[in-house]
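Quick note: the sequence shown uses our numbering, first residue 69, plus one each step. Just below is one structure, and these are the notes that go with it.
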Amino acid sequence: MGEEFLDKILLGSFFSTADLHHPLLQIVPKKVEKDEVHTTILISNGESLSKKGAARSLLYDWTRYNAGKVSLFILGMNDPNTCIFETLTALNRGKVFTSHSYRGLKRKLSKLLKTIHNPVAKNMVCHAISKSPQAKVTLFPQGMQTPCLYLEQPYVILGETDSLDDFILFVQGRLKGRWLNIKKTISFLNAKKGSKALRQELALQKAYHLCEQFVLDLDPNHLVEAEALVKPFDLEVIFR
Numbered sequence: 069m070g071e072e073f074l075d076k077i078l079l080g081s082f083f084s085t086a087d088l089h090h091p092l093l094q095i096v097p098k099k100v101e102k103d104e105v106h107t108t109i110l111i112s113n114g115e116s117l118s119k120k121g122a123a124r125s126l127l128y129d130w131t132r133y134n135a136g137k138v139s140l141f142i143l144g145m146n147d148p149n150t151c152i153f154e155t156l157t158a159l160n161r162g163k164v165f166t167s168h169s170y171r172g173l174k175r176k177l178s179k180l181l182k183t184i185h186n187p188v189a190k191n192m193v194c195h196a197i198s199k200s201p202q203a204k205v206t207l208f209p210q211g212m213q214t215p216c217l218y219l220e221q222p223y224v225i226l227g228e229t230d231s232l233d234d235f236i237l238f239v240q241g242r243l244k245g246r247w248l249n250i251k252k253t254i255s256f257l258n259a260k261k262g263s264k265a266l267r268q269e270l271a272l273q274k275a276y277h278l279c280e281q282f283v284l285d286l287d288p289n290h291l292v293e294a295e296a297l298v299k300p301f302d303l304e305v306i307f308r
């Protein structure tokens, strides 16, 4: 499938352009079959994102068009555009891999390919039921941000609760005609207090969820709230 796509692309009209939005539009399939996992690896320094409106268009217009069909991974150098790419990949089931040198890009690409080589399940859904009727447990990531599960790769689920009661975690996914079902009781009996890094990551996930809400309803208040969530941590994050 990848080879067929490359055969259709005219060199000079696709790879040489600095416009990231156009080629990314071309790789989104019209339809994704139940047992298909579509992944895109973008190698870019984000040169064109300095243009007015370019970052916002890429973050939200392309995310809306993609609608979770393609998992987007980005490989690039450590530069100011990394902040934009972090948000873009988080909204599209992916991740950013960065290097401090051009020589290191090859190693990072190799690591990325190994990471996503064997998808186990897609359309992942995580939810929790507390053993206390009054308690509420909220998990992240949610919606279009929930990544696929890959073989021998950790799957990170963050959450918050208003009560330290035990709860049952359910994780479900599907691939190759089969359902993946995981059920596990989570106890706070021997839990440790969360670090600043953990609180920071939770704030990021909540902010990304608000960005997804903006994609759906275009209410700018979601972005204002997202920025307020991460402000106490002094993070270099770009939401608009």
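Think of the CB as a built atom: it goes at the ideal place given N, C-alpha and C, for glycine as much as any other residue.
If contacts are defined as beta-carbon pairs under 8 Å, then residue i and residue j qualify, I think. What distance do you get, rounded to the angstrom?
{"i": "residue 123", "j": "residue 306", "result": "7 Å"}
{"i": "residue 301", "j": "residue 271", "result": "6 Å"}
{"i": "residue 159", "j": "residue 280", "result": "6 Å"}
{"i": "residue 91", "j": "residue 137", "result": "Actually they are not in contact, since the Cβ atoms of residue 91 and residue 137 sit about 15 Å apart, beyond 8 Å."}
{"i": "residue 157", "j": "residue 276", "result": "The pair is not a contact, with the Cβ atoms about 10 Å apart (cut-off 8 Å)."}
{"i": "residue 180", "j": "residue 165", "result": "5 Å"}
{"i": "residue 250", "j": "residue 239", "result": "4 Å"}
{"i": "residue 197", "j": "residue 235", "result": "6 Å"}
{"i": "residue 220", "j": "residue 206", "result": "28 Å between Cβ atoms; not a contact."}
{"i": "residue 127", "j": "residue 149", "result": "Not quite, the Cβ-Cβ distance comes to about 12 Å (not below 8 Å), so this is no contact."}
{"i": "residue 131", "j": "residue 283", "result": "5 Å"}
Might you give, ordered along the chain, the residues of its own chain that have their beta carbon closer than 7 Å to the beta carbon of residue i, omitting 5 neighbours on each side?
{"i": "residue 191", "result": "241 and 242"}
{"i": "residue 112", "result": "88, 142 and 144"}
{"i": "residue 69", "result": "Because residue 69 carries a pLDDT of 49, less than 50, the predicted location of this residue cannot be relied on, and no value is offered for it."}
{"i": "residue 273", "result": "208, 209 and 226"}
{"i": "residue 189", "result": "216, 217, 241, 242, 243 and 248"}
{"i": "residue 125", "result": "89"}
Which residues does DSSP list as the beta-bridge partners of residue i?
{"i": "residue 183", "result": "Residue 183 pairs with nothing; no bridge assigned."}
{"i": "residue 249", "result": "240"}
{"i": "residue 107", "result": "139"}
{"i": "residue 121", "result": "Per DSSP, none; premise fails for residue 121."}
{"i": "residue 307", "result": "DSSP output for residue 307 lists no bridge partner at all."}
{"i": "residue 144", "result": "166"}
{"i": "residue 256", "result": "DSSP lists no partner for residue 256."}
{"i": "residue 301", "result": "Bridge partners of residue 301: none, in fact."}
Keeping to the same chain, check which residues put their C-beta closer than 8 Å to that of residue i; ignore five residues upstream and five downstream.
{"i": "residue 269", "result": "226"}
{"i": "residue 139", "result": "105, 106, 107, 108, 160, 161, 162, 184, 215 and 216"}
Whose C-beta lies closer than 6 Å to the C-beta of residue i among residues of the same chain, with five residues either side of it excluded?
{"i": "residue 187", "result": "105, 216 and 218"}
{"i": "residue 47", "result": "This structure does not reach residue 47, given that the chain is present from 69 up to 308, and the question cannot be answered."}
{"i": "residue 83", "result": "Residue confidence for residue 83 is low, a pLDDT of 48 falling below 50, so the modelled location carries little weight and cannot support an answer."}
{"i": "residue 110", "result": "142"}
{"i": "residue 173", "result": "167"}
{"i": "residue 256", "result": "232"}
{"i": "residue 79", "result": "Summary for residue 79: the model assigns pLDDT 44, below 50, so the residue's position carries little reliability; its value from the coordinates is reported in the next sentence. Counting only Cβ-Cβ distances below 6 Å, and skipping sequence neighbours, we find nothing."}
Following the continuous alpha helix (DSSP H) through residue i, name the residue where it begins and the one where it ends.
{"i": "residue 291", "result": "289–298"}
{"i": "residue 284", "result": "264–285"}
{"i": "residue 133", "result": "131–134"}
{"i": "residue 11", "result": "Only positions 69 to 308 of the chain appear in the structure, and residue 11 is not among them; the question remains open."}
- Taking only runs that begin and end inside the region 147–227, name each unbroken alpha helix (DSSP H) of 4 or more residues, in chain order. 150–158 and 170–183
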